[in-house]
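Visitor:
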Amino acid sequence: DQQVKQNSPSLSVQEGRISILNCDYTNSMFDYFLWYKKYPAEGPTFLISISSIKDKNEDGRFTVFLNKSAKHLSLHIVPSQPGDSAVYFCAASVGGSNYQLIWGAGTKLIIKP
Amino acid sequence: ETGVTQTPRHLVMGMTNKKSLKCEQHLGHNAMYWYKQSAKKPLELMFVYNFKEQTENNSVPSRFSPECPNSSHLFLHLHTLQPEDSALYLCASSQGTGGRQPQHFGDGTRLSIL
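Taken in sequence, the protein lines are chains E and V.
Its first residue numbered 25, the first sequence is counted upward by one per residue in this note's numbering.
Its first residue numbered 5, the second sequence is counted upward by one per residue in this note's numbering.
1) By how many angstroms is the C-alpha of valine 111 of chain E removed from the C-alpha of proline 33 of chain E?
2) Does tyrosine 63 of chain E pass the burial test, meaning 16 or more other C-beta atoms within 10 Å, or should it be called exposed?
3) Scan the segment 38–66 of chain E for residues whose Cβ lies nearer than 7 Å to a Cβ of chain V and list them as they occur along the chain.
4) Can you name the residues that DSSP bridges to isoleucine 101 of chain E?
5) Report yes if the C-beta distance between serine 97 of chain V and glutamine 107 of chain V is below 8 Å; otherwise report no.
6) Measuring CA to CA, which of V:Thr84, V:Gly112 and V:Leu115 is closest to lysine 22 of chain V?
7) Relative to the C-alpha of alanine 94 of chain E, which candidate in E:Val37, E:Asn46 and E:Ile42 has its C-alpha closest?
8) Is it right to say phenylalanine 131 of chain E is buried, meaning 16 or more other beta carbons lie within 10 angstroms of its own, or is it exposed?
9) Where does proline 70 of chain V fall in DSSP's three states?
10) At the level of alpha carbons, what is the spacing between isoleucine 135 of chain E and leucine 99 of chain E?
11) Just checking: is the beta-carbon of glycine 112 of chain V within a distance shorter than 8 Å of some beta-carbon in chain E?
12) Buried or exposed: which applies to glutamine 58 of chain V, given that a residue is buried once 16 or more other Cβ atoms fall within 10 Å of its Cβ?
13) Please state if the CB of threonine 113 of chain V and the CB of leucine 15 of chain V are separated by a distance shorter than 8 Å.
14) Give me the Cβ distance between valine 102 of chain E and isoleucine 42 of chain E, rounded to the nearest whole Å; I'm assuming they're in contact under 8 Å.
15) Using a Cβ-Cβ distance cut-off of 8 Å, determine whether leucine 125 of chain E contacts chain V.
Set out below in structure tokens:
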């Protein structure tokens, strides 16, 4: 049973508009969440993270929102650029010494010119 | 060279072959990881090493054998693999093994088992 779910395998967005990528989780013990971005033929690269004590974290064009009651987080990209076309992975962990990240299956984002 | 480097990038092998995947990190990190990524599935953690000591083996079959001679190098020795082992194998490193430490990934080895 997947503890971290990205229900949209793909998403297409017009350049300049907002991209919203969603992630749901089932384990209420998760207290730290990360987003990674992956281009073809490259490894994932860390994008942004959020602790469960916050409900929003922003870094430039990227903002992650966390709704603990709904066990849902989302990544907003504004404005979307062609270079944002990639697969985005959501990952979660339980804090403390636990190092294991639980990953979603990814959402492929396509930015249309 | 910087970051995490994996070799080879592509590997095709028969089920009776023995081969090794290599990973090297130039980030001064203490922890290294092997992941398996199958198409359209989440990344699966295979092994974790912290300061050269294996701290996690996620029920990985014995036909996969990791080796970590020092904090900068990690190997995955492969023998008598099965077709379902065809996947992208990713190496990662991080400064410490806390779940809050972002992991830095190599570009992976695409493995195909004939």
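For glycine and all other residues, C-beta sits at the position ideal for the given N, C-alpha and C.
Guide: Walking through what the data contain:
1) Proline 33 of chain E and valine 111 of chain E: Cα-Cα distance of roughly 9 Å.
2) The residue in question, tyrosine 63 of chain E, is exposed, as its Cβ has fewer than 16 Cβ neighbours within 10 Å.
3) Hits within the stretch, in order: Tyr56, Leu58, Ala65 and Glu66.
4) BP columns for isoleucine 101 of chain E point to E:Ser43 and E:Phe86.
5) Yes, the Cβ-Cβ distance between serine 97 of chain V and glutamine 107 of chain V is below 8 Å.
6) Comparing C-alpha distances from lysine 22 of chain V to each of V:Thr84, V:Gly112 and V:Leu115 shows the shortest one belongs to V:Thr84.
7) That would be E:Asn46, whose Cα lies nearest to the Cα of alanine 94 of chain E.
8) The sequence shown places threonine at residue 131 of chain E, not phenylalanine. That one is buried.
9) Proline 70 of chain V: strand per DSSP, three-state reduction.
10) Taking the Cα positions, isoleucine 135 of chain E is about 15 Å away from leucine 99 of chain E.
11) Closer than 8 Å: yes.
12) With fewer than 16 other Cβ atoms within 10 Å, it is exposed.
13) Yes. Within cutoff.
14) For valine 102 of chain E against isoleucine 42 of chain E, the beta-carbon gap comes to about 5 Å, under 8 Å, which counts as contact.
15) With 8 Å as the cut-off, leucine 125 of chain E counts as an interface residue toward chain V.
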